[in-house]
Amino acid sequence: APQKDTNRRLHANVPRNLIRMSSFTVSTGFATYTGFRAAPQKAVAKAAAVPRVGGRASLVVQANKRVAKKASVVLTQADPNLGAAGDLVEVSLGFFRNHLEPMGKAKKATAEILAEVEAQAASEVAAKAAESAGAKAIATALKTIGKFVVKKTVGEDGKIFGSVTAAEVADAVEQQTGKALDKKAIDVPEISEVGVYDVTVKLHPEVVGEFKVDVQKA
C-alpha cells in the first residue's frame, strides 16, 4: 500500500505535456519504489500554414516585380507613336538611353530644356497670330477695293478669246495694290465673255478673301 501511494504521488508530479515516459526503480533499506522518468523531447518544427488547393497544400511563392524606371523627355522630332516635336512625353529610361537620345529624337526634360520649349512654343503662337492678322488685313483690303479689271480680246460674237486665268487675276491685283497673291490659291470661275465675276482667294487656313473681277474688252 505505501508503494502504490508513492507511485500516485510521482505520477501526479509528472507534467501532462510529456509525450514519453521511461520506468525506473529506487531501492532503499525499507522498500522498493517504481516510477516513470520523462524521456527527452525532440524539437518538432511547425509547418507554416499554407492555402490548400483541391484538398492538397500548395506552396505560394511571391516575387517582387521590378518596376521599369521612367524618364520625362521632350521630343525634338515627330514620332508617330509618341507625338509631335516639342511634346513632353514619358518613356522608359532604357528606351530613351538606347534609342531616342542616340538618334537625336528627344532630350531629357531638364528645367533649361522645358524653358526653351516654352519659349519656342510662345514664338510659334505669336508667328501664327501675326500670319492670321496679316491675312485678315489683306482680305479687308481686297473687299474694300472691291473690283479689279482684267482686259481680254473679244470676238465679234462678244466672246473672249481664251479664258481668264488665276495668273491674270493675280497680276491685276498686284498692279492695283502692290500685293502679290498666290495664283494657286485663287479660285476663278469659268469666264467666257465680258462682265463682272466673283473671285475668292485663300489667304490663310482660316481666312478667305473675296473680291470681283471686271472683265473688259481690251
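Residue numbers for the sequence shown follow our numbering, so the first one is 1318 and each next one is one higher.
Ideal Cβ placement from N, Cα and C applies to all residues, glycine included.
Quick one: what does DSSP say residue i is sitting in, helix, strand or coil?
i     : result
Q1300 : Residue 1300 lies beyond the range of the chain shown here (1318 to 1535); nothing can be said about it.
S1449 : helix
T1517 : strand
K1496 : coil
I1503 : strand
D1531 : strand
K1422 : coil
K1464 : strand
E1473 : coil
G1403 : coil
E1491 : helix
E1510 : strand
A1395 : coil
V1486 : helix
V1481 : coil
For residue i, I'd like the list of residues in its chain whose CB is within less than 8 Å of its CB, leaving aside the five on either flank, ordered along the chain.
i     : result
S1449 : H1521, E1523, V1524
A1484 : K1500
A1438 : G1403
Output yes or no for whether 9 Å exceeds the beta carbon distance between residue i and residue j.
i     : j     : result
V1481 : L1431 : no
K1529 : K1464 : yes
K1386 : L1410 : yes
I1477 : I1508 : yes
L1459 : V1518 : yes
V1434 : G1479 : no
G1526 : A1446 : no
Relative to the C-alpha of residue i, which candidate in the options has its C-alpha closest?
i     : options                    : result
T1393 : L1459, K1386, S1409, F1413 : F1413
D1474 : K1534, K1387, A1395, L1459 : K1534
V1486 : V1532, V1434, E1407        : V1532
T1461 : D1499, T1494, A1388, L1399 : T1494
V1471 : A1452, E1510, E1441        : E1510
L1417 : V1516, V1513, A1388        : A1388
V1466 : G1526, A1428, Y1514        : Y1514
K1496 : G1512, T1457, A1444        : T1457
A1428 : A1443, A1436, G1421        : A1436
K1468 : N1398, G1512, P1419, V1516 : G1512
Residues in the same chain with beta-carbon distance under 7 Å from residue i, minus the five sequence neighbours each way, listed in chain order, please.
i     : result
F1347 : Only weak support exists for where F1347 lies, its pLDDT of 46 falling under 50; the coordinates are left without a value.
K1422 : L1392, T1393, Q1394, D1396
A1426 : S1389, V1390, V1391, L1405
V1442 : none
P1419 : none
Near residue i, which residues of its chain fall below 6 Å by C-beta distance, leaving aside the five closest residues on each side in sequence?
i     : result
A1395 : A1401, A1402
K1363 : Legend: pLDDT at K1363 = 47, less than 50; position of this residue unreliable, value from coordinates given subsequently. So the list is empty, once near-sequence residues are dropped.
L1498 : A1487, V1490, V1518
For chain C, check one thing: does any of its Cβ atoms lie closer than 9 Å to the Cβ of residue i?
i     : result
A1502 : The chain inventory of the structure shown lacks chain C, comprising one protein chain alone.
Three CB pairs or more closer than 8 Å across the stretch 1500-1509 and the stretch 1484-1491: The stretch 1500-1509 is in contact with the stretch 1484-1491.
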